[in-house]
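If you count the sequence shown from 1, position 38 lands on 38 in my numbering, and the numbers rise without skipping.
Ideal Cβ placement from N, Cα and C applies to all residues, glycine included.
One structure below.
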Amino acid sequence: MFGLAVLACGGKTQWPGDPELFGMAVVDESAAHVTQSPDFRTNYRAAVTKSLGYMGMGEAEVEGIRVVFTDHVECGGVESAGCWRPDDNTILIDVQQADCLESGVLSHELLHVFLDGDPEHTNWRWSPEWWDPLYDALLDGSSWCQHGF
Ligand SMILES: [Zn+2]
């Protein structure tokens with residue numbers, strides 16, 4: 001925990017977040033207004049809780065992150081389903097490319113936060129074998145992936 005606490009004090013931008021959403025600042029710029037879905041908050045909480053548990057990450061480590069749902073994402077100049085920008089501590093999620101919250105894009109970006117970067121995906125946790133149980137857990141009990149965003 002000590003090392004993680006130091007990371008959290010590394011001068012990252014801290015956005016004023018929603019206490020019910022782990023202190024994350026959720027912003028919806030999508031044309032479909034995905035966060036207006038009646039089950040958004042429940043599914044968001046479930047997806048983040050499962051991801052953090054699987055990664056061994058504490059809720060305090062995601063506090064102050066901004067999460068933007070949008071219709072187009074570029075990451076390092078490349079079109080992408082999602083992105084974590086350490087510069088302004090922001091996760092971007094392309095709702096056109098991600099079928100639903102439980103498809104793993106948010107979890108993928110949270111792992112970037114956990115690893116404090118690793119844009120080249122060199123950590124062992126990026127292997128499909130590591131992800132499979134988390135994907136299964138994300139879809140278990142999910143109402144969202146049945147109808148998409
Ligand atoms: Zn990535």
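Between Trp15 and Gly76 the beta-carbon gap is near 21 Å, outside 8 Å, which marks them as no contact. Here Arg66 is buried. Its C-beta has 16 or more other C-beta atoms within 10 Å.
Residue pairing by DSSP places Glu74 opposite Glu79 in a beta bridge. Shortest gap from the CB of His33 to any heavy atom of ligand 1: 7 Å or more. Here Ala60 is exposed, its C-beta having fewer than 16 other C-beta atoms within 10 Å.
Leu111 is not a Cβ neighbour of Ala47, given a cutoff of 8 Å. Around the beta carbon of His33, fewer than 16 other beta carbons lie within 10 angstroms, which makes this residue exposed.
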